[in-house]
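Each residue of the sequence shown is one higher than the one before, starting from 173 at the first, in my numbering. Where a beta carbon is used, it is the ideal one built from N, C-alpha and C, also for glycine. Here the structure is a predicted model, which is why all the values come from computation and not from measurement.
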Amino acid sequence: MNKGEVVIEPADASAPGLSTTAGSIFKIIRDLGPLFPADIVRRTGLAKSTVSVYVERLAAAGLIREELRPGGKRRMLKVAESAGYVMGVGLGQTHLNVGLCDLEGDVLDSIATDVDLLHETPESILSRVVAAARALTARNALAPAALSGIGFCLPGPVDYAHGVPVSPPVMPGWDRFPLASALHREFTCPVFIDNDVNVMALAERDKGAAAQDQDFLFIHAGTGIGAGLVVNGQIYRGAKGAAGDIGHIAAGPDQVLCHCGNRGCLEAVAGGRALAAQAAEAARTGASRYLAEGLAQGLAITPELLGRGAAMGDEECLRIVITAGKTLGDTIAKLVNFFNPSLIVVGGGLANLGERYLASIRESIYRRSTPLATADLIVKRTALGPTTGVVGSAILVLDEIFSHTNVGRLTRPPSA
Ligand SMILES: [Zn+2]
173 MNKGEVVIEP ADASAPGLST TAGSIFKIIR DLGPLFPADI VRRTGLAKST
223 VSVYVERLAA AGLIREELRP GGKRRMLKVA ESAGYVMGVG LGQTHLNVGL
273 CDLEGDVLDS IATDVDLLHE TPESILSRVV AAARALTARN ALAPAALSGI
323 GFCLPGPVDY AHGVPVSPPV MPGWDRFPLA SALHREFTCP VFIDNDVNVM
373 ALAERDKGAA AQDQDFLFIH AGTGIGAGLV VNGQIYRGAK GAAGDIGHIA
423 AGPDQVLCHC GNRGCLEAVA GGRALAAQAA EAARTGASRY LAEGLAQGLA
473 ITPELLGRGA AMGDEECLRI VITAGKTLGD TIAKLVNFFN PSLIVVGGGL
523 ANLGERYLAS IRESIYRRST PLATADLIVK RTALGPTTGV VGSAILVLDE
573 IFSHTNVGRL TRPPSA
């Protein structure tokens, strides 16, 4: 982070004592609310009077509100979802989504536009993001101060602490582009930048297949292949932000050259581009009757068409899909042995290759992992839609600004 630019401290810099208690209570309400004060007493083990004090402070800071239980007289506590707003930005190869979200990470309004990440300059895309964010605040009649933060995800490695992309292979001109500080200058609120796979994992944690799972892996299988690691409910980014970059683990024969310069990378043998090339070959040679017919009809030979062929029972399509699932599963098995997650969620375009693909991934993981690691392991497909990047980016901001430390600071009485 540039000095003096972004004022919120990272979530892991939790201070002891008062701020941690306020933050913990707020997190319980955020994760599990609406709930009764008695539920918080039970979960925290704190005295009823102590919980009351912190609940009052959180309410006075505008972070939570009371809600009457339907048909009942008792009041429950929940996040004051309209006490502030966050902007979630999802930048992809061809799409830009900007969404205005409430404090529960639900999208209230959004603007989607096409982009060409390979050919547009960072400045041009930044100005489009700013214009969309301004349009959203204007048409929802929000004062500039109502924006509590901006989260931004992009398809490449990110130096999280400094809010800059680092040598993203599919984003020419973006290396070290000062994205967070530029957005902070425009909107003055805290800005957090992360890679898209990490924020998708956050969306899975709060809104998707991993609801309430604290140790899981999100695998993004598309043109590139990456993993988001959630450890104790938090994204694990590693020393430099490169954790989860599994696309270049050696997974295939040496004669397959990867765009990174190495050979046999997972992405080069089982990523979207590799599958499209294998499908095109099968169409051209006639090894797949289904794909050859598609080619003759002028259809684009894509992974989607390959998945449809597999679903129709075309043998060559099935072989390609099952082999790709096995290759990915073999790599995931190594991660399972190392990390012992309770859940693996598979997302990205290739997750739509169908049930045989998922089954092949599952079989490889179970065959190649230790019995203890796979005893209760669940492998499933994402249930989230195309706004995952926006929702995950909003959650990224919420995690940071509502961290223990920062909630503690907001709720600390003036005398403390
Ligand atoms: Zn590679």
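With DSSP as the reference, label ASP571 as helix, strand or coil.
ASP571: helix per DSSP, three-state reduction.
Can you say whether PRO337 is buried or exposed, counting buried as having 16 or more other CB atoms within 10 angstroms of its CB?
It counts as buried.
Using 10 angstroms around the beta-carbon of HIS392, count the other beta-carbons present and answer buried if the total reaches 16, otherwise exposed.
HIS392 is buried by the Cβ-count criterion.
Residues with C-beta closer than 5 Å to any heavy atom of ligand 1, in chain order
Answer in sequence order: HIS420, CYS430, CYS432, ASN434 and CYS437.
Per DSSP, GLU238 forms a beta bridge with which residues?
Beta-bridge pairing by DSSP links GLU238 to LEU249.
So which of ARG300, GLY328, THR559 and GLN386 has the shortest CA-CA distance to GLY413?
Residue GLY328 is the option with its Cα nearest to GLY413.
Going by alpha carbons, who is nearest to GLN386 out of GLY436, ILE533, TYR257 and VAL517?
For GLN386, the nearest C-alpha among the options comes from VAL517.
Bridge-paired residues (DSSP) for ALA284:
Answer is ASN269, bridged to ALA284.
Do you know whose CA, among PRO513, ARG202 and ASP368, lies nearest ALA547's CA?
Answer by Cα proximity: PRO513.
Could you tell me whether the Cβ atoms of GLY335 and ILE297 are closer together than 9 Å?
Contact flag unset, no.
C-alpha gap between ALA545 and ASN509, whole angstroms:
If I take the Cα positions, the gap works out to 6 Å.
Between ALA496, PRO341, ARG311 and SER339, which lies nearest to ALA531 when the distance is taken from Cα to Cα?
The residue with the shortest Cα to Cα distance from ALA531 is ALA496.
Three-state secondary structure assigned by DSSP to ASP378
Judged by DSSP in its simplified three-state form, ASP378 adopts helix.
Whole-number beta carbon distance between GLY501 and ILE533, since they are thought to touch under 8 Å:
ILE533 to GLY501, Cβ: 4 Å. Contact.
Is it right to say GLU572 is buried, meaning 16 or more other beta carbons lie within 10 angstroms of its own, or is it exposed?
With 16 or more neighbouring CB atoms inside 10 Å of its own CB, GLU572 falls in the buried class.
Considering Cα atoms alone, identify which of LEU568, CYS273 and THR360 is closest to GLY405.
Measuring from the Cα of GLY405, the nearest candidate turns out to be LEU568.
Using a Cβ-Cβ cut-off of 7 Å (strictly less than) and excluding sequence neighbours within five positions of ALA448, which residues of its own chain qualify?
Shown here for ALA448: same chain residues with a beta carbon closer than 7 Å to its own, the five before and five after excluded, namely ILE473, THR474 and PRO475 in chain order.
GLU238 versus LEU275 - alpha carbon distance
Taking the CA atoms as reference points, GLU238 sits about 15 Å from LEU275.
Pick out whichever of VAL363, GLY400 and ARG215 has its Cα sitting closest to the Cα of ALA375.
It is GLY400 whose Cα lies nearest to the Cα of ALA375.
Assign ILE367 to one of two classes, buried (16 or more other C-beta atoms within 10 Å of its C-beta) or exposed (fewer than that).
Per the sequence shown, the amino acid found at residue 367 is Asn instead of Ile. By the Cβ-count criterion, ASN367 is buried, with 16 or more other Cβ atoms from all chains shown falling within 10 Å of its own Cβ.
Is PRO316 buried or exposed, if buried means 16 or more other CB atoms sit within 10 Å of its CB?
By the neighbour-count rule (16 or more Cβ atoms within 10 Å), PRO316 is not buried but exposed.
Check for me: the beta strand (DSSP E) holding PHE349 runs from which residue to which?
Following the DSSP letters along the chain, one finds PHE349 in no beta strand (DSSP E), marked with neither H nor E.
Assign ALA442 to buried or exposed, taking buried as 16 or more other Cβ atoms, counted over all protein chains shown, within 10 Å of its Cβ.
Per the 10 Å Cβ criterion, buried.
With distances taken from CA atoms, which of CYS489, PRO558 and PHE388 is nearest LYS552?
Checking every option, the nearest Cα to that of LYS552 belongs to PHE388.
Considering only C-alpha positions, which residue in the set GLY564, LEU308 and ILE504 is nearest to LEU319?
LEU319 has its Cα closest to that of LEU308, out of GLY564, LEU308 and ILE504.
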